[in-house]
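S.K.:
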Amino acid sequence: MKLALTDALKELPEVSPREFQALQAAGFDTAGDVLLCIPRRYEDRRSTKPVAALIDGETVSLLVHVYSAGWRFSYKRYFEVSAGEEGDPHGARLLLRWFNMPYVAKLLAMGMNLSVYGKVKEYGGKLTMTNPDFEVMEDEDAGRRLVTLAMGGTAVPLADDSPAQLRVHTGRIVPIYRGISGMAARRFRSLVWDLLQRLPEQVAQPGYDVAPAYPFREALQDLHFPAEPEHYRKARLRFALAECFARQFSVAWRRHRALGRAGRVNVTTDGYLQELLESLPFRLTAAQARCVDEIRADMATPRQMNRLLQGDVGSGKTLVALCAMLLAVESGGTAAMIAPTQILAEQHFNNFRRLLRHMDVRLSLRTADRAEDLGYVPDDPAESDNTPRLLVGTHALLYKKNRPHNLALAVIDEQHKFGVAQREQFVSSGEHPDVLVMTATPIPRTLTLTLYGDLDVSVIDELPANRGEIITALRNPNHMKRIISFMQSELQAGRQIYIVAPLIEESESRAQAAATTELEKWRGIFPQEPIGLLHGRLSPEEKDEVMSAFRANETHILVATTVVEVGVDVPNATVMIINDADTFGLSQLHQLRGRIGRGQHKSYCILLSTAKPGEPGREKLDVLCRTINGFEIAEEDFRLRGPGDVLGTAQSGLGAVQFTEWLSDMRLIHRASRDAAAILQRDPELQLPQHAPLRALVAPEAEQGVTA
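So the sequence shown is residues 1340 to 2047, counted in my numbering.
Structure, rendered in structure tokens:
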């Protein structure tokens, strides 16, 4: 009987009730769920050699004959087989031992031929394999069914054309899957094999088939049980392309819909903008000026702007955003910026207040614990022109009482810190307002196309000329005496210092520096210096008090966790010491380092670590010492960690990714983007029958109105 991908596991003869419970708990409900479970890796178990040639420590696949089998006792009971070459009763022997696997005794007996795979170890002068994978070779399928029965599975009748000597667990390239509680890895592998045998050759791929020349059934076989390594690599690329296409089509669909959505013209005159630029004690960098021009051109059109402003730490993104906000305000609308933390929102508010102090622009701050307006605000915003037109806030802007009135421009700072639904809720405060999202986390080019392919991108790729040089050095904690002497000289020069720790409090499970412990340590070293403590468990009022004291230079040393990673701007702080630096991510270290060098003084980032060359964590520290270019660091971080952890996929909207190859392969991304664009050009509303799977793909977004 042929199998369908939608067949419920509960109804399959291959799956026992106990196995169904384990599979269901692991998230498997249908045959398709099992067959689309991707191997984590593969083991090449094809190589074999004579028993006499085995050496201690090697992992090998063997064909052997059972010369004796029985239970043995030492410090614990185990089942042992003495095996050697078939037809050589007096030759070399290998002892196969199984602990805590009593079912093996029901399957193995003297006279059988086995295929085994495991690691050879020498004990008491005898070569052994402990708990090896094995298969009975007299009748492979019968042997496999015996093992299935002994492990709690259900006996399944074999098809007439089933090959008798096709091995599943040994003697081939074997798939290794993620562990499933309550189900042995060997049993799950057998289940995948059995379901594959019943799958029809012409089974259709779920969703839209991007590679019809490589049949779905054949690709599944190559993915799970490849004959050669190039087969599984080819299959993974085929599935990676399908996954990439689904993502790129969703991106293309959103862009397609956004381009057709009417917006509002948010640039009439630029008096406020010119007034701001003339009041600045410096000129915009060429990159900042270019980005302002790109944004202004977008805002001047009658369609909704959806633009990403990307720049390195300290590149001046916030000033570019303020320029855009002033254009929206002068056009008669409201501009609002939402930030992920109260510290960052208050910092933006204070900076805007300073920059706009000579201008007649009403400014408002909205956080969960603070509401401040510069100017009178009537009960009914429609009654007076004194209503604040430029708002800065946190998630509080999502609440009805704080939602901006007549929103013309929505600015989302550190957008990856927000969920997709939160961004959409903020944007929906207005009637198709222009949208500007900002990130200070440089993103690898492939991820920019993947995550933000529906947005126009402006990049600030240079730093202001008045920024101080940053020196980064890697030091062993044993060098603390010299570090303290250097810190003392900086403090005597009137500078301030950050000390970063990965933990708030000491932990028995993690031998890393804790902020509370560091506070006491540094108070002992510098008893005359005022030292503050900042971490995520403080209340918003306490955080504000600590940061206000540090900004005002009332506190000279600030011991903190990564709560200072984003947006904290204290130009007088010139030293940052990062404890256990190898435990942080590369991009996170770069973000932390960006808190210094924000004034005109030379600054110093000291990375404390005991990691030696070649050890995990050392390479990223060497990268950080080598460059301050955030875009180069992002590419290195992407190379070192892979795409899965570079961004928080849940918050970015990327979701779960099974085939990460496409996230770093520009060829796949470009091909998927090209194919998606061609389909939308040919069938903009997806009316053709062959595009029904694509309609299903974008239906959730269409229902939710997701635009970015």
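Note that beta-carbon positions come from the ideal geometry of N, C-alpha and C, so glycine has one too.
What does DSSP give as the partner residue(s) for TYR1837 in the beta ladder?
M.R.: DSSP, once it has assigned bridges, lists LEU1897, MET1915 as partnering TYR1837.
S.K.: Kindly indicate which residue of LEU1647, LYS1460, ARG1384, LEU1616 has the alpha-carbon position closest to the one of GLU1397.
M.R.: Minimum Cα distance to GLU1397 is reached at LYS1460.
S.K.: In whole angstroms, give me the CA-to-CA distance for GLY1426 and VAL1549.
M.R.: So the two alpha carbons sit approximately 53 Å from each other.
S.K.: By alpha-carbon positions, which one of PRO1841, PRO1356, LEU1374 ends up nearest to THR1345?
M.R.: When each option's Cα is compared against that of THR1345, the closest is LEU1374.
S.K.: DSSP state of TYR1715, grouped into three classes?
M.R.: Per-residue confidence for TYR1715 stands at a pLDDT of 34, beneath the threshold of 50, marking its modelled position as unreliable; no derived number is given.
S.K.: Does DSSP put CYS1944 in a helix, a strand or coil?
M.R.: Strand at CYS1944.
S.K.: Please state if the CB of TYR1547 and the CB of ARG1577 are separated by a distance shorter than 8 Å.
M.R.: Their beta carbons are not under 8 Å apart, which means ARG1577 does not touch TYR1547 by this criterion.
S.K.: From what residue to what residue does the beta strand (DSSP E) around PHE1578 run?
M.R.: Not the beta strand (DSSP E): PHE1578 falls in the alpha helix (DSSP H), residues 1568 to 1598.
S.K.: Where in the region 1345 to 1418 do unbroken runs of the beta strand (DSSP E), each at least 3 residues long, occur, reported from the N-terminal end onward?
M.R.: Here the runs fully enclosed are 1380 to 1383, 1398 to 1412.
S.K.: Rounded to a whole number of angstroms, what is the C-alpha to C-alpha distance between HIS1744 and LEU1737?
M.R.: Cα to Cα, HIS1744 sits roughly 12 Å from LEU1737.
S.K.: Measuring CA to CA, which of LEU1730, ALA1812, ARG1600, ARG1862 is closest to ASP1961?
M.R.: Of LEU1730, ALA1812, ARG1600, ARG1862, the residue nearest in Cα terms is ALA1812.
S.K.: Counting C-beta neighbours from all protein chains within 10 Å, is the total for ASN1645 16 or more, i.e. buried, or is it exposed?
M.R.: Per the 10 Å Cβ criterion, buried.
S.K.: Could you give the DSSP three-state label for GLU1722: helix, strand or coil?
M.R.: With a pLDDT of 42 at GLU1722, under the threshold of 50, the modelled position of that residue is not reliable, and the figure given next carries that caveat. Helix at GLU1722.
S.K.: Just mark VAL1455 as buried or exposed, buried being the case when its beta carbon has 16 or more other beta carbons within 10 Å.
M.R.: With 16 or more Cβ atoms within 10 Å of its Cβ, VAL1455 is classed as buried.
S.K.: Pull up the CB-CB distance for ASP1752 and ILE1682, whole angstroms please, since I reckon it's below 8 Å.
M.R.: ASP1752 to ILE1682, Cβ: 12 Å. No contact.
S.K.: Please work out which residues of its chain come closer than 7 Å, Cβ to Cβ, to CYS1630, disregarding the five sequence neighbours upstream and downstream, and give them in chain order.
M.R.: The residues are LEU1648, VAL1659, SER1797, ILE1799.
S.K.: Which residues share a DSSP beta bridge with ASP1773?
M.R.: Partner(s): LEU1748.
S.K.: Measure from the alpha carbon of LEU1534 to the alpha carbon of each residue in VAL1354, ARG1742, ALA2015, then state which is nearest.
M.R.: Taking only the C-alpha atoms, the option nearest LEU1534 is VAL1354.
S.K.: May I ask you to report which of helix, strand or coil DSSP gives ASN1470?
M.R.: Residue state, collapsed to three classes: coil.
S.K.: Which whole-angstrom value is the C-beta distance of ILE1838 and GLU1857, which I expect to be below 8 Å?
M.R.: Indeed, because the Cβ distance is near 6 Å, the residues count as touching under 8 Å.
S.K.: Do the region 1601 to 1611 and the region 1562 to 1581 meet, that is, are 3 or more Cβ pairs less than 8 Å apart?
M.R.: Short answer: they don't touch.
S.K.: Taking C-alpha atoms, which residue in HIS1404, PHE1418, CYS1964 lies nearest to TRP1410?
M.R.: Answer by Cα proximity: PHE1418.
S.K.: Out of GLU1382, THR1509, ALA1853, LYS1341, state which residue places its alpha-carbon closest to the alpha-carbon of ALA1920.
M.R.: For the residues GLU1382, THR1509, ALA1853, LYS1341, the minimum Cα distance to ALA1920 belongs to ALA1853.
S.K.: Is PHE1588 closer than 8 Å to ALA2038 when the C-beta atoms are compared?
M.R.: It is not a contact, given that the beta carbons lie outside the stated cut-off.
S.K.: How is ASP1976 classed by DSSP in three states: helix, strand or coil?
M.R.: Helix, per DSSP.
S.K.: How many Å lie between GLY2104 and ILE1512 at the Cα?
M.R.: The first residue shown for the chain is 1340 and the last is 2047, placing residue 2104 beyond what the model contains.
S.K.: Could you check the C-alpha separation between GLU1358 and ILE1896 for me, to the nearest Å?
M.R.: Distance between the alpha carbons of GLU1358 and ILE1896: 58 Å.
S.K.: Does the CB of TYR1553 have a neighbour CB from chain B at under 8 Å?
M.R.: Any reference to chain B falls outside this structure, which holds one protein chain only.
S.K.: Kindly indicate the opening and closing residues of the beta strand (DSSP E) around ASN1605.
M.R.: Where ASN1605 is concerned, there is no enclosing beta strand (DSSP E), given that its DSSP letter is neither H nor E.
S.K.: Exposed or buried, what is ASN1815 when buried is set at 16 or more other beta-carbons lying within 10 Å of its beta-carbon?
M.R.: It is exposed - the Cβ of ASN1815 has fewer than 16 other Cβ atoms within 10 Å.
S.K.: Classify PHE1865 as helix, strand or coil using the three-state DSSP reduction.
M.R.: Residue state, collapsed to three classes: coil.
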